[in-house]
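Chemist: Please read through the structure below; I'll follow up with questions.
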Amino acid sequence: MSEYPETSASPDPFDRIKREVGPHPAPGGTAARPDKPAGEIIMPVPAEAPPPPTHPGNGEPSETWTYRDASGRALFLVARFDKPGGKEVLPLTLWREAGRLRWRWKAAPEPRPLYGLDELVRLPTVPVLVVEGEKTADAARKRFPDLATVTWPGGSRAVAKADWTPLAGREVIMWPDADKAGRDAAQAIVRAARMAGATTVAAVRLPTTLPPGWDLADDWLPGFTFAAALALIDDARRERVSSDLEWPPGYRMEPNGLFFGAPDGEGKGVQFLSAPFEVLAEARDLHGGGWGVVIRFRDRDGREKVEFVSRARLSSGGAEARGALADAGLVTAGGRGKLERFSDALARVKLSSRMTVTDATGWCGETFVMPHRSVGPPAGEAMLFTRDRCGFYYAQKGELDAWRSDIATRAIGNDLLTFALAAAFVGPLLGPLGMEGGGFHFRGSSSCGKTTVALAAGSTWGGGGPLGFAHSWRTTANALEGVAAAHSDCLLVLDELSLVAPEEAGAAAYQLASGQAKGRSQTNGSLRRRAEWRVFLLSTGEIGLASHIEASRKGDRSMTGQELRMLDIEADAGKGLGVWQDLHGLDSPATLSDVIKAATERHYGHAGPAFLETFVRDRGAAIASVRELVAAFLDAAREAGDTGQAERGARKFAFVAAAGELAAIWGIVPWPRGAAAAAALALFKRWAAGFGRAQSREDQEILRRMRHILEADRTAFEVLDDKTEDGDEGLPADDLLGPWRSRDGEARQLRIKGYIFAWRPSPQKPKEIIAGFHDAGWADTFKGLDTKQAARVLADHGFVIRGDGDRSKRAKKVRRQNRRLYWVRVALLEADLGE
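When you read off a place in the sequence shown, starting at 1, and then add 217, the result is the number in the numbering used here.
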């Protein structure tokens, strides 16, 4: 039985999802151990958790600190109790026992998260200051706001029980307490941070004059002020160079810059080459090419910069590489000789640290790369996104809990918003599950709320742009390739389809879903490496993709493959409220849209990374859960007689359902389990009813096109009134042929498609109207389709009269013609085509 309330009393087709899929460890959490069946720890803390209790022996704590995950969600508490004989610090964690949530005065399982994970995300490029104790960490943050301050639970003896992996790729400075236990802890943390993959680690050397136990939460002392403390941190940072860094002979890095040469007897011979910088690692791409070095420095305004310098550019003179560094703010010496020496130093510097560089987002091995951060397993190699971040709106603002309450909570009862938010989590599942790209197009009139749900979906990953995280369809083909590469394995939101020319819309949809850029040659004629991506797309527009393509000047027809890559969903919930079904107490649909849009400007960029963190923590279990959720959805959605195209569409809806269910199971979204799957099923049934389930889209198009020709293009046929050779008279006065005859002022087309005549199958049967298409007319009618398939489909439905050998019927000989024709029963006009 789910701990979440059911949304309906009716039979639930997704009951198996609720009962069998889960529980899955939440971000920062651990499932119950087999030897402790009494309960499982719950991290992060859900909204329905009871309030923390008082301690049975100590009463109310004097201070309480909340440990949070990288997205800001509460994991557990640490409480301090002041006693006459000293202090006592106790952890408080949340557990589920017999279906009920209960707090325990018990430590979290090992490895335990750091205090300040959200600080590491908020300040992704600054040095990390490690201190001992939560009270000290809070004080240090106020004193050194330009550093990301963290600590660990349990004190000096629990260093080995903490999870130090979030320090991978960071510069770490340890500030110990002024006693032996503090110094021992500092040495242990230095070792742990290095093993976790920190780029450089150093410990502050405290003066011996400090009182025993002094830390950064204590008052400044005479002779030891803030300035003195800052100087100690700066000294530690100057000593943080990797031990195996090897500059070429003659070069050396000093606190005030990079120099070449040694002073001669007159004090000359030393050349200043650049302001100081730190070499973090040698780097290369996923294919083992594109080697270079990653350096870190501060510009004139004190902002820290991390730049990749390609050795290919350095070997060709280095002017382009030096120009990029100067543009980023690194001061270099003038003069050709000094500039060449600077390039030479970077081209030949050596160190063992390695990084992987990529100009696309998404999975690099088992690490997910975004422009502003990477999420991967603790032992994974550090990644660096090298593309210019300008124009890509991966960012974080506000809080995850506020995003849940202000945006995601309003999805409850609103299928389209639930579906859009669930679709936002599909991108990271594409690669691990072998899915093709593609997505959905929300079609609806202006001001119906379709853009609002798209903006809300984008807020799971970022925001801050003119359209939040979204981009406009109005872009060139080359620019669209760059946008897709920067959203690989993620969500891409494109607003207002009408802004792209109809002639380009179909190709753009294919391009985005296929995941490959246009092939281009290098100057020597060889093929350049194509840009590749996998994106899950949400698009908006007032008309659908097929209608937009058909509005082209050439009258193009949409292809079924295009429609199956970007499925069309009507942005109307059928309640007279646009996309909305439940206004959540607000007075109008417009007000609800405005409230959600405003919330997407305040809170964004937290839910997507939180989803990733849980996924990479137990990748195998997450993939297995997705497969089971997809299977459960398809079981509920499938109907007898569904075509392969309907099944293909159902799978796209199924992955949205699975992603939304995982997000609910992991506590990232507030809706109950089964809600995302139910919303996806309702929208799938609506889509399938419009697209067609019992016959392929091409078959439907063949039937519709033939009916259109017979109904709307009657001047393309010539009426035959002549007697035929077998004596069966035509019907010059018969009303059967009346609608096909020319009227006053109406001219026949010069290029007719065939003939209209009456035919009696047998003396016992009534006459019927036949449209006889000649070969050219048949080919013109089904331009862009397989003409043989058209004949087969119409014959299978009984509308084409078969001739010998299953070929088209041979027409009766008439004076004007003696040729083979396709005999089509005009009764097709009255038939139910299943639309």
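Just so you know, even glycine gets a beta-carbon here, dropped at the ideal spot from N, CA and C. Here the structure is a predicted model, which is why all the values come from computation and not from measurement.
Which partner residues does V343 have in the DSSP bridge list?
Modeler: Answer is none; V343 lacks a bridge partner.
Chemist: Write down every uninterrupted run of the beta strand (DSSP E) in the region 457-519 whose length is 3 residues or greater and which is fully enclosed by it, in chain order.
Modeler: Along the region 457-519, the beta strand (DSSP E) occurs as fully enclosed runs of 3 or more residues at 468-471, 474-477, 488-491, 495-501, 509-515, listed in sequence order.
Chemist: Could you tell me whether the region 258-274 touches the region 314-321, where touching means 3 or more Cβ pairs closer than 8 Å?
Modeler: yes
Chemist: Rounded to whole angstroms, what's the CA-CA distance from L1046 to G989? Just pull it up for me.
Modeler: 15 Å
Chemist: For R290, which residues in the same chain have their Cβ closer than 6 Å to its Cβ, ignoring the five residues on either side in sequence?
Modeler: P261, L617
Chemist: Which partner residues of P308 appear in the DSSP bridge assignment?
Modeler: V295
Chemist: Which ranges does the beta strand (DSSP E) cover as unbroken runs of at least 3 residues, wholly within the region 525-607, from first to last along the chain?
Modeler: 571-575, 579-581, 584-586, 600-602
Chemist: Determine, using beta-carbon pairs with one atom in the region 346-359 and one in the region 430-441, whether at least three such pairs fall under 8 Å.
Modeler: yes
Chemist: Measure the CB-CB distance between W580 and G675 and report whether it falls below 8 Å.
Modeler: Between W580 and G675, the gap from beta carbon to beta carbon reaches 8 Å or more.
Chemist: Within the chosen definition, does the region 401-417 reach the region 382-390 through at least 3 CB pairs nearer than 8 Å?
Modeler: Because the criterion of three Cβ pairs below 8 Å is met, the region 401-417 and the region 382-390 touch.
Chemist: Excluding the 5 residues flanking A701 on each side, which residues of the same chain have their C-beta closer than 7 Å to its C-beta?
Modeler: L709, L729, W750, V752
Chemist: Just the Cα atoms here: how many angstroms apart are L898 and G679?
Modeler: Cα-Cα distance, rounded: 28 Å.
Chemist: What does a CB cutoff of less than 6 Å around D1023 pick up in its chain, not counting 5 residues either side in sequence?
Modeler: At D1023, the pLDDT of 44 sits below 50, so the modelled position is not reliable; the number obtained from the coordinates is stated separately. Within the same chain, D1023 has no close Cβ partners at all.
Chemist: Using CA atoms only, rank isn't needed, just tell me which of D394, R387, R454, A718 is closest to S570.
Modeler: Checking every option, the nearest Cα to that of S570 belongs to R387.
Chemist: At 3 residues or longer, what runs of the beta strand (DSSP E) sit wholly inside the region 644-709?
Modeler: 655-660
Chemist: Would you list, in sequence order, the uninterrupted alpha helix (DSSP H) runs of no fewer than 4 residues that lie entirely inside the region 355-441?
Modeler: 397-413
Chemist: Quick check: what's the CA-CA separation for G371 versus Q798?
Modeler: Cα to Cα, the separation comes out at about 49 Å.
Chemist: Whole angstroms is fine: what's the gap from G246's alpha carbon to V347's?
Modeler: Summary for G246: the model assigns pLDDT 40, below 50, so the residue's position carries little reliability; its value from the coordinates is reported in the next sentence. Near 23 Å, if we compare the C-alpha coordinates of V347 and G246.
Chemist: For D335, count the other beta carbons within 10 Å of its own beta carbon; 16 or more makes it buried, fewer makes it exposed. Which is it?
Modeler: So D335 counts as buried.
Chemist: Between the C-alpha atoms of F293 and D286, what's the straight-line distance to the nearest angstrom?
Modeler: 10 Å
Chemist: Under the assumption that I813 contacts A673 (Cβ atoms under 8 Å), give the Cβ distance between them as a whole number of angstroms.
Modeler: Sure, about 6 Å apart at Cβ, within 8 Å.
Chemist: Taking 8 Å as the threshold, find out whether the region 787-803 comes into contact with the region 647-667 through three or more Cβ pairs.
Modeler: Yes, since at least three Cβ pairs between the region 787-803 and the region 647-667 fall closer than 8 Å, the two stretches touch.
Chemist: Where A895 and A875 are concerned, what is the direct C-alpha to C-alpha distance, given to the nearest angstrom?
Modeler: 11 Å
Chemist: DSSP on F642, reduced to helix/strand/coil?
Modeler: In the structure shown, F642 sits in coil (DSSP, three-state: anything other than H, G, I, E or B).
Chemist: Roughly how many angstroms lie between the CA atoms of L503 and G540, to the nearest whole one?
Modeler: Each residue's Cα considered, the two are about 26 Å apart.
Chemist: Pop quiz: G994 and I969 are said to be a contact at Cβ under 8 Å. What is the actual Cβ separation, rounded to whole angstroms?
Modeler: The pair is a contact, with the Cβ atoms about 7 Å apart (cut-off 8 Å).
Chemist: Evaluate D299 with the Cβ neighbour count: other Cβ atoms within 10 Å of its Cβ, from every protein chain shown; 16 or more gives buried, anything less gives exposed.
Modeler: exposed
Chemist: What is the rounded straight-line gap between the Cα of T603 and the Cα of L803?
Modeler: Looking at the backbone, the Cα of T603 and that of L803 are separated by about 45 Å.
Chemist: With the cut-off set at 8 Å, would you say L829 and P645 are in Cβ contact?
Modeler: yes
Chemist: Mapping DSSP to helix, strand and coil, what is D451?
Modeler: Correct three-state label for D451: helix.
Chemist: Using CA atoms only, rank isn't needed, just tell me which of P270, T281, Y332 is closest to L311.
Modeler: P270
Chemist: By how many angstroms is the C-alpha of T860 removed from the C-alpha of E537?
Modeler: Cα atoms of E537 and T860: separation of roughly 56 Å, rounded to the nearest angstrom.
Chemist: Are the beta-carbon atoms of A420 and M391 separated by less than 8 Å?
Modeler: Yes, Cβ-Cβ distance for A420 and M391 is below 8 Å.
Chemist: From P240 to Y284, what does the alpha carbon distance come to, in whole angstroms?
Modeler: In this prediction, P240 scores a pLDDT of 43, lower than 50, which makes its location untrustworthy; no coordinate-derived value is stated.
Chemist: Hey, quick one: how far does the beta strand (DSSP E) through R285 stretch, first residue to last?
Modeler: 280-285
Chemist: Shorter than 8 Å from the beta carbon of R313 to some beta carbon of chain C?
Modeler: The structure shown contains no chain C; it holds only a single protein chain.
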